[in-house]
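Report on one structure; see the data block that follows.
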Amino acid sequence: MTETTNFSADMSRASKREMKDGFSNDDICFEVLSRVPTKSLLKSKLVSKKWHQIISEFSFMRVQSQISKPVISGFFFQEKFQWCEDDIESVSYIPVDSEQTIVHNTVLDFLPEKVVLMTSSNGLLCCRSCKTSSHSVVYVCNPTNKQWITLKWDGPDNGKGLALAPIGISANFRLVNLRQMEIDSDDDIDRLFYLSFEIYSSSTGEWKTSGDSCVCQYNLFKNVGIYASGVLYWLTDGDEILMFDVENEVPRLIKKPTPQMVCSGVPESCIGETGGQLYYIQISEVGIQVWILEDHYEPRWVLKNFISLASMEEENPTILYNVERKMASRVTVDMTPWMDPLAFNEGLLFMRVCAKIYLYHLETRNMKELCTLDRLGPNSLTYPIVLPYNISLVPLQCSSTA
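The UniProt record's numbering numbers the first residue of the sequence shown as 1 and each following residue consecutively.
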């Protein structure tokens, strides 16, 4: 009788120890926590040592990143000089879900050196070392869990742009380095560029050169590669968008959508991704036109939304005033636009209006001031690097060099 009583008491104490975190065993805890949104999950690390241990495991981060839905948490912002190719080292991070916006300047301080932003996708951020660095490397990092890997490359002089292509919902990825070489021509007006592509695979740890290339007469514009459903896209300063099918390694140039309404001023545009589809955003004096690329092989564009500047003024009278006239007064591309769409992701448009940065939700038509340009630096007006970012626990093997 005594042995039975002692056994029952021991089991009761063990059960209480197991239940102190709210779960009977680690498997149940793993299953439940893996379905918690990433932002809440980061706070859950503080609940107990067991939760912290489970959330920090590589296997948990891999599973949770496959289950969780991407939610934009903020935008990375980096200035660019207008008239020279030198790098500006400072990087700002602007969160979008806080009532009072705070511009963070130390988010990437976990990296071993100052970097230049290149591209982002699936919770990963791709940066390169500055031109003043003694070595040329690429960093692929996750700012949420402060993990990174280092890749050797030939440097920015041998690449027009890097783009990040995640592989499914795994932690693997590909990097595409776009090389641009001007073709000698007697005609200085109609320049031609030869474009080739180098691909890095995290699965093999090696770079290879794609067998396909293409010729384009335009320069890349707002030089950020956008990934959508297996294809990378780059905006150009002409009437075409460069695309690269990552799996099949096939490049192609597709025409931008034809505006529905004629405008007298020079419009401004950007591309972005939502729900695995490419979006083309154009702002002119007539308003904001939102296009979706439904088929990149035809190609077929569909006008998803149109918002006139007049209606935007009515809905935001304390922010916007006489913007139609201001946008129409931009008659050359050298003139700074009054409204400039800088980045788009998951239905959120990050844009500059005069000397302020705003977040515009296309569905709710809610417009929120994030910050003024002076908080982002003296060279933040002209075509800065802007990358949307969603917090993610997607794991990386830290500090490795390929």
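Idealized CB from N, CA, C, for every residue including glycine.
Our contact map puts residue i next to residue j with C-beta atoms below 8 Å; I'd like the distance itself, whole angstroms only.
{"i": "Leu396", "j": "Val137", "result": "About 15 Å separates the two Cβ atoms, so there is no contact after all."}
{"i": "Met335", "j": "Leu309", "result": "That belief does not hold up - the Cβ atoms of Met335 and Leu309 are roughly 17 Å apart, past 8 Å."}
{"i": "Glu198", "j": "Asn223", "result": "Their Cβ separation, rounded to whole angstroms, is 16 Å, which puts Glu198 and Asn223 out of contact at 8 Å."}
{"i": "Lys114", "j": "Ser73", "result": "Going by Cβ atoms, the distance from Lys114 to Ser73 rounds to 23 Å, so no, they are not a contact pair."}
{"i": "Ala165", "j": "Tyr233", "result": "So it is not a contact: roughly 11 Å between Cβ atoms."}
{"i": "Leu33", "j": "Ile54", "result": "6 Å"}
For residue i, count neighbouring Cβ atoms within 10 angstroms of its own Cβ and tell me buried if that reaches 16, exposed if not.
{"i": "Ala343", "result": "buried"}
{"i": "Cys84", "result": "exposed"}
{"i": "Gln282", "result": "buried"}
{"i": "Val91", "result": "buried"}
{"i": "Thr332", "result": "exposed"}
{"i": "Ile391", "result": "buried"}
{"i": "Asp340", "result": "buried"}
{"i": "Lys80", "result": "buried"}
{"i": "Tyr389", "result": "buried"}
{"i": "Val394", "result": "buried"}
{"i": "Asn345", "result": "buried"}
{"i": "Ser15", "result": "A caution first: Ser15 carries a pLDDT of 38, below 50, which makes its placement in the model unreliable, though a value can still be read off. Per the 10 Å Cβ criterion, exposed."}
{"i": "His296", "result": "buried"}
Quick one, which of the options has its alpha-carbon nearest residue i's?
{"i": "Phe77", "options": "Ile391, Val394, Leu381, Ser392", "result": "Leu381"}
{"i": "Ile94", "options": "Glu294, Arg35, Ile385", "result": "Ile385"}
{"i": "Asn219", "options": "Tyr200, Glu240, Leu232, Tyr227", "result": "Glu240"}
{"i": "Ser269", "options": "Met351, Met312, Gly276", "result": "Met351"}
{"i": "Asp87", "options": "Ser59, Ala165, Cys127", "result": "Cys127"}
{"i": "Tyr200", "options": "Ile149, Leu192, Thr236", "result": "Ile149"}
{"i": "Phe306", "options": "Ile28, His296, Glu89, Met261", "result": "Met261"}
{"i": "Leu387", "options": "Met61, Ser120, Ile54", "result": "Ser120"}
{"i": "Ile319", "options": "Ser284, Pro37, Glu298, Leu359", "result": "Leu359"}
{"i": "Ile183", "options": "Gly161, Cys214, Phe75", "result": "Cys214"}
{"i": "Leu162", "options": "Asn172, Ala171, Leu151", "result": "Leu151"}
{"i": "Arg191", "options": "Leu175, Gln217, Pro299", "result": "Gln217"}
{"i": "Leu171", "options": "Ile67, Glu89, Leu242, Asp245", "result": "In the sequence as displayed, the identity of residue 171 is Ala instead of Leu. Cα-wise, what sits closest to Ala171 is Ile67."}
{"i": "Ser284", "options": "Glu324, Phe30, Pro317", "result": "Glu324"}
{"i": "Val231", "options": "Gly238, Pro317, Val246, Leu242", "result": "Val246"}
Tell me the residue span of the alpha helix (DSSP H) that contains residue i.
{"i": "Lys326", "result": "323-328"}
{"i": "Cys371", "result": "First-last for Cys371: 366-372, but that is the beta strand (DSSP E), not the alpha helix (DSSP H)."}
{"i": "Ile28", "result": "26-33"}
{"i": "Leu309", "result": "309-315"}
{"i": "Leu42", "result": "38-44"}
Grab the span of the beta strand (DSSP E) containing residue i for me, first residue to last.
{"i": "Lys131", "result": "Premise fails: Lys131 is in no beta strand (DSSP E) and is neither H nor E."}
{"i": "Phe60", "result": "No beta strand (DSSP E) contains Phe60, which is instead part of the alpha helix (DSSP H) from 58-67."}
{"i": "Ala163", "result": "161-166"}
{"i": "Leu195", "result": "192-201"}
{"i": "Met351", "result": "348-353"}
{"i": "residue 415", "result": "Residue numbering for the chain in the displayed model covers 1 to 402; residue 415 lies beyond these limits and cannot be assessed."}
{"i": "Ser380", "result": "No beta strand (DSSP E) contains Ser380, which DSSP labels as neither H nor E."}
{"i": "Ser92", "result": "92-95"}
{"i": "residue 412", "result": "Here the chain comprises residues numbered 1 to 402, so residue 412 is not present and cannot be evaluated."}
{"i": "Pro112", "result": "Counting along the chain, Pro112 falls outside any beta strand (DSSP E), and DSSP gives it neither H nor E."}
{"i": "Asn345", "result": "339-345"}
{"i": "Ala228", "result": "226-228"}
{"i": "Thr318", "result": "Looking at the DSSP string, Thr318 is not in any beta strand (DSSP E), and its letter there is neither H nor E."}
Counting beta carbon pairs with one atom in the segment 91-98 and one in the segment 199-208, are three or more of them shorter than 8 Å? no
For the segment 355-362 against the segment 372-379, do three or more pairs of beta-carbon atoms, one drawn from each stretch, fall closer than 8 Å, so that the two count as touching? Output reads yes: the segment 372-379 touches the segment 355-362.
Per the contact definition of three or more C-beta pairs closer than 8 Å, is the segment 255-274 in contact with the segment 283-297? yes
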